[in-house]
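Here is the structure we will look at.
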Amino acid sequence: MAVDVVTFGCRLNAFEAEVIRREAEGAGLSDTIVINSCAVTNEAVAQARQSIRKLKRERPGARIVVTGCAAQTQSAMFAGMAEVDRVVGNDDKLRGEVWRKAREAFDLGAGEKIAVSDIMAVKEMAPHLIDGFASGLPRVFVQVQNGCDHRCTFCIIPFGRGNSRSVPMGAVVEQVRALAARGHAEIVLTGVDLTSYGAHLPGTPKLGMLTKQILRHVPELKRLRISSIDSIEADSDLLDAIADDARLMPHLHLSLQSGDDMILKRMKRRHSRRDAIAFCDQVRRLRPDIALGADIIAGFPTETEEMFSRSLDLIEQCGLTFLHVFPYSPRPGTPAARMPQVAGPAIKERAKRLRAAGELALRQRLQAEIGATRDVLIESEGQGRTEHYLPVAITGAEVGSVVRLNICGSDGERLTTSSVSSPSLTGRPSTPRLLRIP
Numbered sequence: 012m013a014v015d016v017v018t019f020g021c022r023l024n025a026f027e028a029e030v031i032r033r034e035a036e037g038a039g040l041s042d043t044i045v046i047n048s049c050a051v052t053n054e055a056v057a058q059a060r061q062s063i064r065k066l067k068r069e070r071p072g073a074r075i076v077v078t079g080c081a082a083q084t085q086s087a088m089f090a091g092m093a094e095v096d097r098v099v100g101n102d103d104k105l106r107g108e109v110w111r112k113a114r115e116a117f118d119l120g121a122g123e124k125i126a127v128s129d130i131m132a133v134k135e136m137a138p139h140l141i142d143g144f145a146s147g148l149p150r151v152f153v154q155v156q157n158g159c160d161h162r163c164t165f166c167i168i169p170f171g172r173g174n175s176r177s178v179p180m181g182a183v184v185e186q187v188r189a190l191a192a193r194g195h196a197e198i199v200l201t202g203v204d205l206t207s208y209g210a211h212l213p214g215t216p217k218l219g220m221l222t223k224q225i226l227r228h229v230p231e232l233k234r235l236r237i238s239s240i241d242s243i244e245a246d247s248d249l250l251d252a253i254a255d256d257a258r259l260m261p262h263l264h265l266s267l268q269s270g271d272d273m274i275l276k277r278m279k280r281r282h283s284r285r286d287a288i289a290f291c292d293q294v295r296r297l298r299p300d301i302a303l304g305a306d307i308i309a310g311f312p313t314e315t316e317e318m319f320s321r322s323l324d325l326i327e328q329c330g331l332t333f334l335h336v337f338p339y340s341p342r343p344g345t346p347a348a349r350m351p352q353v354a355g356p357a358i359k360e361r362a363k364r365l366r367a368a369g370e371l372a373l374r375q376r377l378q379a380e381i382g383a384t385r386d387v388l389i390e391s392e393g394q395g396r397t398e399h400y401l402p403v404a405i406t407g408a409e410v411g412s413v414v415r416l417n418i419c420g421s422d423g424e425r426l427t428t429s430s431v432s433s434p435s436l437t438g439r440p441s442t443p444r445l446l447r448i449p
């Protein structure tokens, strides 16, 4: 066996898993399991620890290496586990020489167990073109940014990822061009704080400029999607692209976190409730069919029932379709962990109510799609996704293709279709040309 990578957490970790596999196998490692961990909640860390123990029982002869955000922030804890052979830092995991040193240490049966460097000292970011993505894989990710310069009071991620840094625009465009040439229909731009893209590059380009450059210089790309953004940092070029180019998918996921202004202030967020609603109204004017999702934290310290109710009704106020709910989890070393905490049962109950409201919002959006014609990316046998990232039950279409479908119903979780028409040649939605509204 070669190298197996078990990934927890975000899309960025999923992308980096391919880099890890390539570099570790290139270094000559074999029969090795890499746990690419997440630190966003206590539960995520616990899941990584449980998986380590389970995998060691199943494959007692395999070496286990732990990396990712939790390994960066809690390296000593993982190193103290008898099942773990090595702990590799979050930036170190992307460098081949680190994996060569790991192999040498394993071969000699000696060496330090922890290989974690100072993540805050990392200032630049190298592009990583993934050769391991299978040709024709429907959707692939391109990492354009890493780290975060902000210090939200609940968040441990800057200490796992370091400060913000970006891949130069030219390198990103070349990656996208190469991936499109291999037949990947949809590319997702991903990062830790995506809307901070370019702040430390020469000329300080923004995410909107990067998006326009990709769309302009890679005309063969069928679909471009943007992962989670901070709405307060969305620039005018990004809004232009949302309004004017149908190849940029009408789906945004927003880092909102709360609907209450006092809680937002205590989180050290940079937007208000009014800002969030105004942004959603603005992008809906620019792209009337856009689907919006958001991260919401339930039970942040000091959150009262009245404060929580403002998060609950933000779903309707912002017209959200997708909801990612985080029950608040105190992360050691963060300011929020020292604030007065909400009782655990109340956090769970609020998270349950948020999820129920999110499920209702999704069902309503699915119902509203009936009668529409959508271009659907076939992800696997039996399922595809529309431009709006809505799931579609579909059989008989080639995986990786984009086909135009008539939406005839919904089972409450996915859209259903009456027929499969000819493949879409452009991947463009069948809506009229979009007009930018100031």
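Mapped onto my numbering, the consecutive letters of the sequence shown carry residue numbers 12 to 449. Ideal Cβ positions, reconstructed from N, Cα and C, are used throughout, including at glycine. Just so we're clear, the structure is a prediction, and the values are computed from it rather than from any experiment.
**Message:** Below 8 Å on the Cβ atoms is my contact criterion, and I expect Glu314 with Val353 to pass it. Report the Cβ-Cβ distance as a whole number of Å.
**Reply:** 6 Å
**Request:** Taking only the alpha-carbon atoms, compute the straight-line gap between Phe19 and Gln83 and give it to the nearest angstrom.
**Result:** 14 Å
**Message:** Would the stretch 410-428 count as touching the stretch 183-193 if we require 3 or more Cβ pairs under 8 Å?
**Reply:** no
**Message:** Assuming Ser322 is part of the alpha helix (DSSP H), what are its boundary residues?
**Reply:** Glu316 to Gln328
**Message:** Taking 8 Å as the threshold (C-beta atoms), are Arg74 and Val133 in contact?
**Reply:** no
**Asked** Considering only the beta carbon of each residue, do Arg258 and Lys217 sit closer than 8 Å?
**Response** no
**Prompt:** Counting Cβ pairs closer than 8 Å, one from the stretch 387-397 and one from the stretch 330-347, do we hit at least three?
**Reply:** no
**Val98 and Ala126 closer than 8 Å at C-beta** = yes
**Reduced DSSP secondary structure (H/G/I, E/B, other) of His264** = strand
**Item:** Cutoff 7 Å; reference Thr427; Cβ partners in own chain excluding five residues on either side
**Value:** Cβ neighbours of Thr427 beyond the five flanking positions: Ala404, Cys419, Gly420 and Ser421.
**Request:** Following the continuous beta strand (DSSP E) through Gln352, name the residue where it begins and the one where it ends.
**Result:** Here Gln352 belongs to no beta strand (DSSP E), and DSSP marks it neither H nor E.
**Prompt:** Buried or exposed: where does Glu392 fall if 16 or more other Cβ atoms within 10 Å of its Cβ makes it buried?
**Reply:** Looking at its Cβ environment, which holds fewer than 16 other Cβ atoms inside 10 Å, Glu392 is exposed.
**Prompt:** Would DSSP call Gly143 helix, strand or coil?
**Reply:** Bear in mind that the predicted position of Gly143 carries a pLDDT of just 48, short of 50, making it too unreliable to give a figure here.
**Request:** Pull up the distance between the alpha-carbon of Ser242 and that of Glu34, whole angstroms please.
**Result:** 35 Å
**Asked** Could you check where the beta strand (DSSP E) with His335 kicks off and where it finishes?
**Response** Leu331 to Pro338
**Message:** Cutting at 8 Å between CB atoms, please list the residues of its own chain near Thr215, excluding the five before and the five after it.
**Reply:** Non-local beta-carbon contacts of Thr215 in its own chain, meaning distances under 8 Å to residues more than five positions away in sequence, involve Gly209 in chain order.
**Item:** Closest by C-alpha distance to Arg349, when choosing among Phe311, Ala113 and Asn47
**Value:** Phe311
**Item:** Length of the line joining the Cα atoms of Glu27 and Asn157
**Value:** 11 Å
**Item:** Phe26 (DSSP reduced to helix, strand or coil)
**Value:** If DSSP states are grouped into helix, strand and coil, Phe26 belongs with the helices.
**Item:** From Phe117, Val30 and Ser238, residue whose alpha carbon lies closest to that of Ala137
**Value:** Nearest option by C-alpha distance: Val30.
**Message:** Which same chain residues end up closer than 6 Å to Arg376 when comparing Cβ atoms and leaving out the 5 residues on each side of it in sequence?
**Reply:** Thr332
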